[in-house]
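Enquirer: This is the structure I have questions about; it appears just below.
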Amino acid sequence: MAMSWAPNGNIYLSPHHDDIAFSLGARIAAEPGGRLVNLFTRSGYVAGAPLALPPDVATIERVTTLRVAEDMAFAERFRLERIDLGLEDAPVHGRSPWDLDGLADDIVQVRAPLAELLRETEGARVFCPAAIGGHVNHLAVRAVVIELLPELERRAEVLFYEDLPYASSSRARRHWLPDFRAALGVRRLWRRTSAAGPEKLAAVNLYPSQHANTVISLRQFSPRTLWPIGPHEAVWRAFTTS
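Rendered as structure tokens:
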């Protein structure tokens, strides 16, 4: 499937409708444009909703429609081209997002459509979740991109972004950063950070269904690290070792 990329050639892989705004909103604001690829877009989750039971069909349709509208506002503000793959997130199947028993099924869901989307990526920069935090849908996207990496990195630059708000937890980082490194195998990793400010906060608040109240601080939307000081975002580049 040939695709017409936005001028800057950035391809943002977003497991859900809010992940790019939460994880890379400052980068997007500084460099508008690119293609926003949302993957697990059928959802019944809003802030505060219980996850013990699968949502009914009416709830899924209502919530999905709401979340698409939020995402369209984000894309319009930052001149992003959107595509939704329409895959079903974990709660739609009555699974917790942290239940890794469903990981193999989610990889099967995402493998073929994502491989097709990434076939035409000459000269692009592809932003993939690092899956810090262990959300099963994020892990599925990362797994497929790593499968494709030997071919993909010959024609594109692949960057793995730190998933927020999950990467704002020191505990999550201690467990999932080693998991991320292990998933990439024998590769050197390089981390680049960029500052986040009011534009990032505005991007986060374009998804009000995912917050109990208006977000007034970037504390939960910045990686928990000793350096750099202050709100920021981070991406990783992997290099094959010689």
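Under the numbering used here, think of the first position of the sequence shown as 75, with each following residue one higher.
We put the CB at the ideal spot given by N, CA and C, even for glycine.
Would Asn211 and Asp180 qualify as a contact pair, given that the criterion is a beta-carbon distance under 8 Å?
Expert: Sequence index remark: in the sequence shown, residue 211 carries index 137 (1-based). Sequence index remark: in the sequence shown, residue 180 carries index 106 (1-based). It is a contact, given that the beta carbons lie within the stated cut-off.
Enquirer: Below 8 Å, how does it come out for the region 258-266 and the region 300-312: are there three or more Cβ pairs, yes or no?
Expert: Segments in contact, yes.
Enquirer: Nearest by alpha-carbon distance to Ser291: which of Ser283, Glu273, Thr115 is it?
Expert: As a first step, residue 291 must be located in the sequence shown, where it is residue number 217. Of the listed residues, the one whose Cα sits closest to Ser291 is Glu273.
Enquirer: Measure from the alpha carbon of Pro128 to the alpha carbon of each residue in Arg228, Thr138, Ser117, Ala121, then state which is nearest.
Expert: Within the sequence shown, numbered from 1, the residue matching residue 128 stands at position 54. Among Arg228, Thr138, Ser117, Ala121, the Cα nearest to that of Pro128 is on Ser117.
Enquirer: Compute the Euclidean distance between the alpha carbons of Ala350 and Glu236, then round it to the nearest angstrom.
Expert: Nothing about residue 350 can be reported from this structure: the residues present for the chain run from 75 to 316 only.
Enquirer: Please classify Arg109: is it buried, with 16 or more other beta-carbons within 10 angstroms of its beta-carbon, or exposed?
Expert: Translated into the one-based positions of the sequence shown, residue 109 becomes position 35. Under this definition Arg109 is a buried residue.
Enquirer: Could you say which of Glu150, Thr195, Tyr281 lies nearest to Gly107 if we only look at CA atoms?
Expert: Translated into the one-based positions of the sequence shown, residue 107 becomes position 33. When only C-alpha atoms are compared, the closest one is Glu150.
Enquirer: Measuring only the C-alpha atoms, how far is Tyr86 from Ala147?
Expert: Position 12 of the sequence shown, counted from the first residue, corresponds to residue 86. Position 73 of the sequence shown, counted from the first residue, corresponds to residue 147. Rounded to the nearest angstrom, the two C-alpha atoms are 16 Å apart.
Enquirer: Sort Asp253, Ile157, Ala214 by Cα distance to Arg185 and report the nearest one.
Expert: For the purposes of this step, residue 185 is identified with residue 111 of the sequence shown, where counting begins at 1. Ranking Asp253, Ile157, Ala214 by Cα distance to Arg185 puts Ala214 first.
Enquirer: Might you give, ordered along the chain, the residues of its own chain that have their beta carbon closer than 6 Å to the beta carbon of Leu140, omitting 5 neighbours on each side?
Expert: Stepping through the sequence shown from its first residue, residue 140 is reached at position 66. Around Leu140: Ser283.
Enquirer: DSSP on Ile157, reduced to helix/strand/coil?
Expert: For this step, residue 157 is matched to residue 83 along the sequence shown. Strand.
Enquirer: Quick check on Gly168: buried or exposed, where buried means 16 or more other Cβ atoms within 10 Å of its Cβ?
Expert: As a position in the sequence shown, residue 168 is number 94, starting the count at 1. Exposed is the call here.
Enquirer: What are the start and end residues of each continuous beta strand (DSSP E) run of 3 or more residues lying completely inside the region 251-282, in chain order?
Expert: List check, beta strand (DSSP E) in window: 261-269.
Enquirer: Between Trp79 and the rest of its own chain, which residues show a CB-CB distance below 6 Å, the 5 nearest in sequence each way excluded?
Expert: Here residue 79 is taken as the residue at index 5 of the sequence shown, counted from 1. With a pLDDT of 44 at Trp79, under the threshold of 50, the modelled position of that residue is not reliable, and the figure given next carries that caveat. These residues qualify, in order along the chain: Arg109.
Enquirer: For Leu300, which residues from the same chain have a beta carbon less than 6 Å from its beta carbon, with the 5 sequence-adjacent residues on both sides left out?
Expert: Here residue 300 is taken as the residue at index 226 of the sequence shown, counted from 1. None.
Enquirer: Do Ala270 and the ligand HEM come close, with the Cβ less than 7 Å from some heavy atom?
Expert: The ligand HEM is not among the ligands present in this structure, which contains no ligands whatsoever.
Enquirer: Put Phe96 into one of helix, strand or coil per three-state DSSP.
Expert: Position 22 of the sequence shown, counted from the start, is the residue given in the question as residue 96. DSSP places Phe96 in helix when its eight states are reduced to three.
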